[in-house]
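Scroll down for the structure; my scribbles are underneath it.
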Amino acid sequence: MKEKYYSPIFRGDSFHCPHCGVYAHQEWFELGAGSSQGRFYRSEYAIEDFSASRCIHCGKFSIWEREKMIYPAGSGPLPSENMPEEVKKDFEEARSIVNASPKGAAALLRLALQKLVKQLGGKGENLNNDIANLVKKGLPEHIQQALDSVRVIGNNAVHPLGRIDLQDNKETAIALFELLNLIVEVMITQPKKIEEIYQKLPQEAREAIKKEIVNKGKSSKEG
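Residue 256 in this note's numbering sits at position 69 of the sequence shown; the count goes up by one each step and never skips.
Structure, rendered in structure tokens:
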């Protein structure tokens with residue numbers, strides 16, 4: 188599972204970098220304006236209300252106006268490596284607007300969630316039912332409970348965008364980013380890793396595992 192995400196925060200000592208996505212220490216600088224002559228630069232004016240943070244991991248800068256990050260425009264957890272492309276497009280678009288419009292980002296993430304559960308075998312008619320079916324297939328029940336807590340599923344979940352709750356804020360959007368990544372991790376990434384490990388086993392070992400599974404199935408039916 189991915190680590191907890193920490194949003195960029197003004198004057199924060201450490202947070203997840205909006206450029207590289209790594210949780211790293213941040214250096215802070217006041218911005219200034221000046222002039223250059225040849226190889227020499229002379230700072231003459233401080234740019235009031237503007238500052239910059241620099242990620243120790245990737246070295247890239249983020250620009251802040253007072254307590255608001257204005258560059259880069261997007262933030263939020265990066266999408267899981269194995270997220271389906273159709274879902275990832277909505278995820279990335281939500282990242283690009285989450286600072287300016289948390290409600291818009293939450294709406295896009297609900298659409299991405301609906302697309303994801305449909306690709307995982309859901310009918311796409313009722314998000315509540317689709318998530319419940321994923322729980323039966325192995326999705327941890329606490330993820331369903333978390334979805335409930337951010338008002339993702341409910342009577343209005345039949346609509347593609349769910350509902351935009353008046354209380355939607357950046358915290359809600361961040362929770363949805365994380366939940367989408369968690370579902371991809373449990374339902375796509377982990378089974379993929381298990382299959383890769385299984386395929387590396389000798390043929391004899393794979394055949395023995397298959398027989399054992401069949402025998403266990405017969406025993407459970409007889410019991």
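Beta carbons: idealized from backbone N, C-alpha and C, even for Gly.
I'd like to know whether the C-beta atoms of residue i and residue j end up nearer to each other than 8 Å.
i: residue 367; j: residue 300; result: yes
i: residue 290; j: residue 335; result: no
i: residue 192; j: residue 201; result: no
i: residue 359; j: residue 373; result: no
i: residue 218; j: residue 194; result: no
i: residue 240; j: residue 214; result: yes
i: residue 206; j: residue 243; result: no
Per DSSP, what kind of secondary structure is residue i in: helix, strand or coil?
i: residue 220; result: strand
i: residue 241; result: strand
i: residue 336; result: helix
i: residue 255; result: strand
i: residue 234; result: strand
i: residue 318; result: helix
i: residue 312; result: coil
i: residue 202; result: strand
i: residue 196; result: coil
i: residue 262; result: coil
i: residue 288; result: coil
i: residue 268; result: coil
i: residue 455; result: This structure gives no information on residue 455, because the portion of the chain shown stretches from 188 to 410.
Using only the alpha-carbon positions, how far apart do residue i and residue j sit?
i: residue 265; j: residue 328; result: 24 Å
i: residue 353; j: residue 395; result: Caution is warranted here: a pLDDT of 49 is assigned to residue 353, below 50, making its placement in the model unreliable, and the coordinate value is therefore given only provisionally. The alpha-carbon atoms of residue 353 and residue 395 are separated by roughly 56 Å.
i: residue 330; j: residue 369; result: 8 Å
i: residue 268; j: residue 371; result: 9 Å
i: residue 386; j: residue 392; result: 10 Å
i: residue 326; j: residue 204; result: 29 Å
i: residue 314; j: residue 293; result: 15 Å
i: residue 384; j: residue 286; result: 40 Å
i: residue 321; j: residue 302; result: 14 Å
i: residue 390; j: residue 397; result: 11 Å
i: residue 233; j: residue 324; result: 58 Å
i: residue 357; j: residue 382; result: 36 Å
i: residue 190; j: residue 246; result: 21 Å
i: residue 319; j: residue 259; result: 37 Å
Keeping to the same chain, check which residues put their C-beta closer than 8 Å to that of residue i; ignore five residues upstream and five downstream.
i: residue 333; result: 362, 366
i: residue 252; result: 236, 237
i: residue 376; result: 267, 268, 269
Tell me which residues share the same chain as residue i and place their Cβ nearer than 6 Å to its Cβ, disregarding the 5 neighbours each side in the sequence.
i: residue 257; result: 250
i: residue 311; result: 305
i: residue 254; result: 197
i: residue 278; result: 266, 299
i: residue 317; result: 304, 309
i: residue 280; result: 295
i: residue 282; result: 261, 263
i: residue 284; result: 291, 292
i: residue 216; result: 239
Between residue i and the rest of its own chain, which residues show a CB-CB distance below 7 Å, the 5 nearest in sequence each way excluded?
i: residue 380; result: none
i: residue 199; result: 213
Review point. Taking only runs of the alpha helix (DSSP H) that begin and end inside the region 360 to 387, which ones reach a length of at least 4 residues, in chain order?
Key: 377 to 387
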